[in-house]
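Chemist: This is the structure I want to talk about, given as structure tokens.
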Amino acid sequence: MSPIITGLLLAVGLSVFVMTMAGRIGVLLAMKPENRLDNLPQRAAALLSFGLGQKRMVDREEFTPGLMHVFIFAAFMVLALRTVMMFVMGFSETALVLLTDLTHPFWGEQPALLGLYRVYLLAKDFVAAGALLGCAYFAYMRASVKPDRMSPSWEAYLILGFISGLMVTEFLFGGSHMVPREQTMPLATSNFVWWEPVTSVFGMAMRPLGYTVAHVLGVAGFWIHLSIILAFLNFLPVGKHFHVITGLPNVFFLRLGQGQRNTQSAKLPTPNLEKEEFGTATVKDLTWKQGLDLYSCTECGRCQTHCPTYITGKPLTHKGVNQDLKHWIWEHEMWVEEGRGPSGTVEPLPEIIGSALKAETVWACTSCGWCETACPVFIENVPRLIDMRRYQVQVKAEFPAEIQRVFEGIERQGNPWGLGQDRRDEWAEDLALPTWGDGGTYEYLFFVGCAGSYDDKQKKVSRALVKILREAGVSFATLSKQEMCNGDTARRLGNEYLYQTMAKTNVESWNAMGVKAVITQCPHCFNTIKNEYPEFGGEYRVINHTQLINELLKEKRIKLSAVMNQKLTYHDPCYLGRHNGVYDAPREVLKAIPGLEVVEMQRSQREGFCCGAGGGRMWMEEHIGTRINHNRLNEAALTLKHAEDPSTPFPDATDKKKPGLVGEYKEPGGKGIVAVACPFCSTMLNDAVNDTGREERIKVKDITELVADALEVKQGTGTVAPSVAVNAKPE
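For the sequence shown, the positions run 5 to 735 when my numbering is used.
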């Protein structure tokens, strides 16, 4: 051992690391402030579960690679103490003897401490062996399997080599101390110890080499181990494995949610427009947390396995956005920190769009939330992109031409179609619906929504829901002609000013009317009113129509009797399922309909595939790649075909080498129903049915329509019955 060499290694290694990290931290400090220190107990619980517990790593689709990553992570955590011990050994011969010779008199005087140390050594051996297994697995995956989500990378092999080298040198160093100086025992005699089983195997393998050779190997292993540690440490801040340092803090500073949900992925941050927070123009407009997100991206590719833009060939992968932004920042640290440009003089930073990213990248996102659901370190991709849209819309006035009419329609007529406000209640002219504020008292405000009021197909869903509510005796009223758009479309398209205007107007009006509970039939309305209106004082109990129907069925307030002998597959709306965790209610309703055979698509529930309408994409054309709605409908057609004939080959929609293979499916597929619970999904999938010529084979229906068709109606009720009595909720 040599204190001089150990000291030099530490001095050089740590000095270089500190200089590199100073630049990285300086960039974060130059970015916008953001409070992420609220609710510390919930943050600590998330860190324990998702950071230290690696809960997101081991999911049903990525179980094996997730488990292997857990092995490597566990090795880092357990061997951190061992690394400290080894540096101490480098400075102190006494520490070396004490920590490698458990027959030392010190241990005899401290039996409890000896037992604890042996348990640690046992854990150290197991996790180090597990890390070697994990490294071998990932090397095989990269070299042979080559899953699509893993980008080719020499850095990955280097890191796997570093990790493997640390484990092997640890075993060599420990094993060398198990080779006796004098060969007093025959070679066949085992000196295996239970507290270091793997190290013992290395020791037994070195015994035939003799003490001198084993000692040389052990010393070499020791110095190589320390050198790898410091090389690894300095490589982390310049590569994709920076997450080894930033990952756990990033989990701790995650965006908190409500109840059992650990993030509130569909709730966008609300900027203060009075302080001229008009969106993200340059990298300095990012918050420090958004900067930390960039540092924490592991390039694992989980964000793209079900990403509709990536799978259908759009110019957006969230992994790619993270890397483009991160590397631009790293290449211009002084510019970001001190304002000095490439010429060395003070220059304004360039806008992100045009320097680091392309405009079509920012506008491609459907905000489906898969990337944030899949990310092991909770990177928040969607709010960052929406904030870039805000700048493009509110400051630059540069956005896709087709959404100009959407903004104008909402501003002038209170709906994105721009249809007359006086036509908003035409769908219910013959229903004699009560209007909130007419003097009655009602339990629910039925927020019909723009699609439910103006779209011809969705009008049928609105009427079907009224039929169900009346049959169940639910006390409700609408806003009739006074209803206006909730603003979701404007917000996701970057027009924050228009959204806030709509939200504040609605909240002020509803609060004045005494609204306490709201029924929605659109997941986008549901999400906005439930999660985002509270920012403006709109605290309501918001229930989606599938949840309410499920409650009515369970309470036996409605009965389904008509038999439907058909096959059906259900498409999860992103803003109902992934963003708000409503998966069971729609399925329970469908299974309650007599005769329906419900079959699941491969990409369902948490892994459900977007229809392509979210994030305002409903109102924009798809000019690049294949159509997202076609990809999804192809999967539905394949699912129904497979349900008809299980022997039919079923292309894997989640194929690790070629995700989205269903996008190439051109056959008609099976016959049946695609059930939806969102007007946007209904429009997109109906368009796909028509585009692909499947009108005679596949029908797209909202769950509400199916329930209304199966409903056993009592005499005197139905869609054309008079308004339900005030507070007519049965016991």
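No residue lacks a Cβ here, since even glycine has one placed at the ideal position from N, Cα and C.
Here the structure is a predicted model, which is why all the values come from computation and not from measurement.
When the Cβ atoms of the segment 89-97 are set against those of the segment 153-171, are three or more pairs found closer than 8 Å?
Modeler: Verdict: no, contact absent.
Chemist: Taking 9 Å as the cut-off, decide whether the C-beta atoms of Ala209 and Met171 are in contact.
Modeler: No, Cβ-Cβ distance for Ala209 and Met171 is not below 9 Å.
Chemist: Which word fits Ser19, buried or exposed, when buried means at least 16 other C-beta atoms lie within 10 angstroms of its C-beta?
Modeler: Classification for Ser19: exposed.
Chemist: Quick one: measure Cβ to Cβ for Gly225 and Leu176, integer angstroms, because I've assumed they're closer than 8 Å.
Modeler: Yes, Gly225 and Leu176 are in contact; Cβ-Cβ is about 3 Å, under 8 Å.
Chemist: Roughly how many angstroms separate the alpha carbons of Met23 and Trp367, rounded to a whole number?
Modeler: Distance between the alpha carbons of Met23 and Trp367 is about 37 Å.
Chemist: Taking buried to mean at least 16 other C-beta atoms within 10 Å of its own C-beta, is Lys718 buried or exposed?
Modeler: Under this definition Lys718 is an exposed residue.
Chemist: In the DSSP assignment, find the unbroken alpha helix (DSSP H) run with Ala436 in it and report its ends.
Modeler: Unbroken run through Ala436: none, as it is neither H nor E.
Chemist: Quick check on the DSSP output: the beta strand (DSSP E) that includes Asp706 runs from which residue to which?
Modeler: Asp706 -> beta strand (DSSP E) spans 702-706.
Chemist: Alpha carbon to alpha carbon, what distance is there between Gly585 and Arg265?
Modeler: Since pLDDT at Arg265 reaches only 45, below the 50 mark, its modelled position is unreliable, and no value is offered.
Chemist: Figure out for me which residue from Gly542, Tyr537, Glu500 has the closest Cα to the Cα of Ala516.
Modeler: The residue with the shortest Cα to Cα distance from Ala516 is Gly542.
Chemist: Using the DSSP secondary-structure output, state which residues sit across from Lys400 in a beta bridge.
Modeler: In the DSSP output, where bridge partners are listed per residue, Lys400 has none listed.
Chemist: Which residues in the same chain as Val255 place their Cβ atom closer than 8 Å to its Cβ, once the five residues preceding and following it in sequence are excluded?
Modeler: Counting only Cβ-Cβ distances below 8 Å, and skipping sequence neighbours, we find Ala50, Leu51, Phe54, Gly55, Val381, Phe382.
Chemist: For the segment 389-398 and the segment 354-366, state whether three or more C-beta atom pairs, one from each stretch, are separated by less than 8 Å.
Modeler: The answer is yes - the segment 354-366 touches the segment 389-398, with three or more Cβ pairs under 8 Å.
Chemist: Report the partner residues of Arg545 according to the DSSP bridge assignment.
Modeler: Arg545 pairs with Ala521.
Chemist: Excluding five sequence neighbours on each side, which residues of the same chain lie with their C-beta closer than 6 Å to the C-beta of Gln262?
Modeler: Low per-residue confidence applies at Gln262: pLDDT is 39, beneath 50, and the placement is therefore not dependable, though the value from the model is reported in the following sentence. Nothing listed; no residue qualifies.
Chemist: I need the boundaries of the beta strand (DSSP E) containing Thr573, first residue and last residue.
Modeler: Here the beta strand (DSSP E) through Thr573 covers 571-574.
Chemist: Hey, which unbroken runs of the alpha helix (DSSP H) at 4 residues or more fall wholly within the segment 50-105?
Modeler: Correct list: 67-95, 97-104.
Chemist: Looking at the secondary structure, which residues open and close the beta strand (DSSP E) in which Phe450 lies?
Modeler: It spans 448-451 - the beta strand (DSSP E) in which Phe450 sits, taken as one unbroken run.
Chemist: Which value, in whole angstroms, describes the spacing of the CA atoms of Thr643 and Val666?
Modeler: Approximately 10 Å between the Cα atoms of the pair.
Chemist: Just confirm the distance between the C-beta atoms of Tyr579 and His528, as a whole number of angstroms; I'd bet it's less than 8 Å.
Modeler: With a Cβ gap of about 5 Å, Tyr579 and His528 count as contacting.
Chemist: Since I believe Thr482 is in contact with Trp440 (beta carbons under 8 Å), could you give me their beta-carbon distance rounded to a whole number of angstroms?
Modeler: At roughly 7 Å, the Cβ-Cβ gap stays under 8 Å, so Trp440 and Thr482 are in contact.
Chemist: Tell me, which residues are paired with Lys36 by DSSP?
Modeler: Beta-bridge pairing links Lys36 to Thr291.
Chemist: Is it right to say Asp429 is buried, meaning 16 or more other beta carbons lie within 10 angstroms of its own, or is it exposed?
Modeler: With 16 or more other Cβ atoms within 10 Å, it is buried.
Chemist: From Gly619, Leu252, Ala617, Ala640, pick the residue whose C-alpha is nearest to that of Arg607; which is it?
Modeler: Taking only the C-alpha atoms, the option nearest Arg607 is Ala640.
Chemist: Using a Cβ-Cβ cutoff of less than 6 Å, which residues in the same chain neighbour Phe257 once the five nearest sequence positions on both sides are dropped?
Modeler: If we look at Phe257 and ignore the five residues flanking it on each side, its Cβ neighbours are Arg40, Lys293.
Chemist: Taking the alpha-carbon positions, what's the Pro69 to Gly612 distance?
Modeler: For Pro69 and Gly612, the distance between alpha carbons rounds to 21 Å.
Chemist: How big is the Cα-Cα spacing for Thr349 and Tyr299?
Modeler: For Thr349 and Tyr299, the distance between alpha carbons rounds to 27 Å.
Chemist: Which of the three DSSP states, helix, strand or coil, is assigned to Pro726?
Modeler: In this prediction, Pro726 scores a pLDDT of 38, lower than 50, which makes its location untrustworthy; the coordinate-derived value is nonetheless stated afterwards. Residue state, collapsed to three classes: coil.
Chemist: In angstroms with no decimal places, state the Cα-to-Cα distance between Val478 and Leu437.
Modeler: The straight-line gap from Cα to Cα measures roughly 13 Å.
Chemist: For the beta strand (DSSP E) containing Gly676, name the first residue and the last one.
Modeler: Segment 676-680, the beta strand (DSSP E) holding Gly676.
Chemist: Please give the ranges of any alpha helix (DSSP H) in the segment 130-194, keeping only runs that are unbroken, at least 4 residues long and fully inside the region.
Modeler: Runs found: 158-180.
Chemist: Three-state secondary structure (DSSP) at Leu564?
Modeler: Looking at Leu564 - three-state DSSP - the assignment turns out to be strand.
Chemist: Which full runs of the beta strand (DSSP E) of 3+ residues lie inside the segment 213-294, going along the chain?
Modeler: Complete beta strand (DSSP E) runs here, min 3: none at all.
Chemist: Since Gly616 contacts Asn633 with CB under 8 Å, what's their CB separation in whole angstroms?
Modeler: Yes, they are in contact, since the Cβ atoms of Gly616 and Asn633 sit about 5 Å apart, within 8 Å.
Chemist: Residues in its own chain within less than 7 Å of Asp129 by CB, not counting five upstream and five downstream?
Modeler: Counting only Cβ-Cβ distances below 7 Å, and skipping sequence neighbours, we find Glu200, Pro201, Val202, Thr203.
Chemist: Measure the alpha-carbon distance for Ala476 versus Leu552 and round it to whole angstroms.
Modeler: Near 11 Å, if we compare the C-alpha coordinates of Leu552 and Ala476.
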